[in-house]
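In the working numbering, the protein residues as written are 126 to 369.
In what follows, a structure is listed as structure tokens, so that the remarks can point back to it.
Shown next, in the form of structure tokens:
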């Protein structure tokens with residue numbers, strides 16, 4: 126009688142990820158200073174037969190040509206080399222005129238692909254209806270969906286959102302996550318950093334911070350944002366059972 130002996134070897138591997146310190150900047154935003162979303166509708170041309178034939182696209186092309194003083198009947202337009210798209214972008218806080226920002230492009234018709242197409246000049250507007258950037262360029266399709274794509278540095282900022290901090294004597298921090306413990310920790314760390322009761326948690330997400338009289342607001346914000354909250358050491362355990 127043969128006995129089959131099974132030996133199990135259990136390997137417990139501990140992987141330690143380098144410790145890191147979360148800062149106040151990592152867990153909060155400054156109220157009134159934030160990114161803004163932009164949106165626009167445009168046309169992509171130069172597609173190799175992968176565009177769309179929706180009536181909206183045909184009408185958009187006709188309007189574009191009319192604005193260029195070129196009159197062509199819609200019935201004579203029969204091309205799948207164009208596509209109507211939605212263009213979105215994020216305008217960073219303190220973005221300046223002439224800055225370049227990334228844009229995302231998505232087909233809104235029945236196009237099969239917008240890869241390698243060229244986005245014609247497109248206005249990108251904020252929720253107030255004002256044009257903040259102009260987008261244009263060659264599209265790179267996303268690997269998982271050729272009806273969506275992007276253009277790095279595809280838009281140029283034309284108008285700035287004004288932020289006035291010069292006369293501010295305080296800032297308000299808004300935590301990214303509603304958490305009473307974090308709010309209390311932020312308050313305590315700021316007061317300890319400046320050795321003065323400058324910070325006050327107004328609720329579980331909002332902390333009001335008074336600026337010292339002898340410091341500029343920008344320098345103060347920089348110091349507050351770099352305050353470390355906690356050091357985390359992540360540990361991962363892998364159990365590998367080998368049978369022989």
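Beta carbons: idealized from backbone N, C-alpha and C, even for Gly.
Source: prediction; values computed, not measured.
Rounded C-beta distance between residue i and residue j? I'm assuming under 8 Å.
i: residue 163; j: residue 216; result: 5 Å
i: residue 177; j: residue 209; result: 7 Å
i: residue 231; j: residue 272; result: 7 Å
i: residue 312; j: residue 332; result: 6 Å
Which of helix, strand or coil does DSSP assign to residue i?
i: residue 281; result: strand
i: residue 126; result: The pLDDT assigned to residue 126 is 46, lower than 50, so where the model puts this residue is not dependable; a value taken from the coordinates is nonetheless given after this. Three-state DSSP puts residue 126 in coil, outside helix and strand.
i: residue 146; result: strand
i: residue 301; result: coil
i: residue 215; result: strand
i: residue 314; result: helix
i: residue 287; result: coil
i: residue 95; result: The shown model of the chain, from 126 to 369, leaves out residue 95, and the question about it has no answer.
i: residue 346; result: helix
i: residue 188; result: helix
Going by the DSSP bridge assignment, what does residue i pair with across the sheet?
i: residue 244; result: 169 and 262
i: residue 353; result: 148
i: residue 154; result: 299
i: residue 325; result: 333
i: residue 273; result: 231
i: residue 164; result: 213 and 250
i: residue 225; result: 281
i: residue 267; result: 270
Roughly how many whole angstroms lie between the Cα atoms of residue i and residue j?
i: residue 229; j: residue 299; result: 28 Å
i: residue 294; j: residue 337; result: 8 Å
i: residue 277; j: residue 150; result: 26 Å
i: residue 314; j: residue 354; result: 7 Å
i: residue 345; j: residue 160; result: 21 Å
i: residue 243; j: residue 220; result: 25 Å
i: residue 175; j: residue 259; result: 25 Å
i: residue 309; j: residue 320; result: 16 Å
i: residue 318; j: residue 352; result: 8 Å
Are the stretch 171-178 and the stretch 245-253 touching by the rule of at least three beta carbon pairs closer than 8 Å? Verdict: no, contact absent.
Under 8 Å: do the stretch 231-241 and the stretch 282-291 share three or more Cβ pairs, one atom per stretch? Contact fails: fewer than three Cβ-Cβ distances are below 8 Å.
Stretch pair the stretch 180-187 + the stretch 321-339: three plus CB contacts closer than 8 Å: Contact between the stretch 180-187 and the stretch 321-339 is absent, because fewer than three Cβ pairs lie under 8 Å.
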